[in-house]
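Peer 1: Here's a structure for you.
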Amino acid sequence: MALKRILHVALASGFLLAGCTGNGEENSVNQANNSEEIQSATEPSASSSAVEIIGTGQYGRGAQSDGQDTNSTEEPMRILTEDADAIIIYFSRSGNTENLVKMIYNETNADVLELTLSEPYPEDYEETVERANAERDSGNFPEINTEIPDLSQYDWIFLGYQTWAMTLSNPIISFLGTNGELIDGKTIYPFSSNAGYGEGNSLQRIQEILPNSMIEESFTVEDEAVVSSQNELAEWVAD
């Protein structure tokens, strides 16, 4: 893929990922079960550490969450560097979409920004569905509780979400509605997990909100197949 080749050139000429301690408002990354901070540097590095892909065991209708989006024991994934040309922006409720994020990161070393909510969805799936339906009916989508960095350096955005009610998940609609002007005009690579019904109209919704962006070929996979889709996702990144 032209994008993957460009990212690797940028990596070789641009930045070093160095782990240290810090707080959630600073550039930080959670890889597997370790919370680390990633800071920009000018020294070149051949590659950064790969992150582990772990099956969530929670799939489709009825999938439980711990009420803290992906997990309550880890900080949100946040990898910000000075020289990256691409960033992965995503929301994940039960961890399946986050596994796709880790796969893309391992392939591209793009920066990463996990979106979290001021009021996380309930642990119970049916309660989450009830709340999500009410949000869509009222148009009052959840407030994003993530410090959004300057996105002007990025040419490519990997946008990760779940298909809810045959469209974009509510947190991504909220993010795009509030911050769409920051990425409109950039090249968007959508990727998603679903419960067996595909992408719905999510790509059209992205194009409606980001009319000046180029929406590239998407990648979607049923959540039960996320962990076993690493080869297919690598091919998508490489195309």
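Sequence positions in the sequence shown follow the working numbering and run 82 to 320. Note that beta-carbon positions come from the ideal geometry of N, C-alpha and C, so glycine has one too. Please read all numbers here as calculations on a predicted model, not as lab measurements.
Taking all protein chains shown into account, decide if GLY258 is buried (16 or more other Cβ within 10 angstroms of its Cβ) or exposed.
Peer 2: Counting Cβ neighbours within 10 Å, GLY258 comes out exposed, since fewer than 16 surround it.
Peer 1: Using a 10 Å radius around the Cβ and a threshold of 16 neighbouring Cβ atoms, would you call ILE229 buried or exposed?
Peer 2: Burial call: exposed.
Peer 1: Return helix, strand or coil for GLN243, following the three-state DSSP convention.
Peer 2: Three-state result, GLN243: strand.
Peer 1: Do you know how far the Cα of ASN260 is from the Cα of ALA191?
Peer 2: Cα-Cα distance, rounded: 20 Å.
Peer 1: Round the Cβ separation of THR244 and GLY279 to the nearest angstrom and send it over; I've been treating them as touching at under 8 Å.
Peer 2: Confirmed, about 7 Å.
Peer 1: Over the uninterrupted beta strand (DSSP E) stretch that includes PRO271, give me the two end residues.
Peer 2: Segment 268–275, the beta strand (DSSP E) holding PRO271.
Peer 1: Report all residues from its chain with a CB closer than 6 Å to the CB of ASP265; omit the five preceding and five following residues, and keep chain order.
Peer 2: Once the five neighbours on either side are set aside, the close Cβ partners of ASP265 are LEU291, ASN293, SER294.
Peer 1: Give the range of the beta strand (DSSP E) segment to which ALA315 is assigned.
Peer 2: Segment 311–319 is the alpha helix (DSSP H) holding ALA315; no beta strand (DSSP E) there.
Peer 1: Could you say which of ILE287, GLU200, TYR235 lies nearest to THR227 if we only look at CA atoms?
Peer 2: Here the closest residue by C-alpha is GLU200.
Peer 1: Taking 8 Å as the cut-off, does the stretch 269–277 touch the stretch 297–306 (at least 3 CB pairs, one atom from each stretch)?
Peer 2: Segments in contact, yes.
Peer 1: Taking 7 Å as the threshold (beta carbon to beta carbon), is PRO230 in contact with chain B?
Peer 2: The structure shown has no chain B; it contains just one protein chain.
Peer 1: Which of the three DSSP states, helix, strand or coil, is assigned to TYR206?
Peer 2: If DSSP states are grouped into helix, strand and coil, TYR206 belongs with the helices.
Peer 1: Can you give the Cα-Cα distance for PHE222 and ASN180, rounded to whole angstroms?
Peer 2: Distance between the alpha carbons of PHE222 and ASN180 is about 24 Å.
Peer 1: If ASP166 sits next to TYR270, beta carbons under 8 Å apart, how far is it from one beta carbon to the other, in whole angstroms?
Peer 2: With 8 Å as the limit, ASP166 and TYR270 do not qualify as a contact, their Cβ atoms being about 12 Å apart.
Peer 1: May I ask you to report which of helix, strand or coil DSSP gives ARG86?
Peer 2: Caution is warranted here: a pLDDT of 43 is assigned to ARG86, below 50, making its placement in the model unreliable, and no coordinate value can be reported.
Peer 1: Return the chain-ordered list of same chain residues with a C-beta closer than 8 Å to the C-beta of VAL210, the five sequence neighbours on each side being excluded.
Peer 2: Counting only Cβ-Cβ distances below 8 Å, and skipping sequence neighbours, we find nothing.
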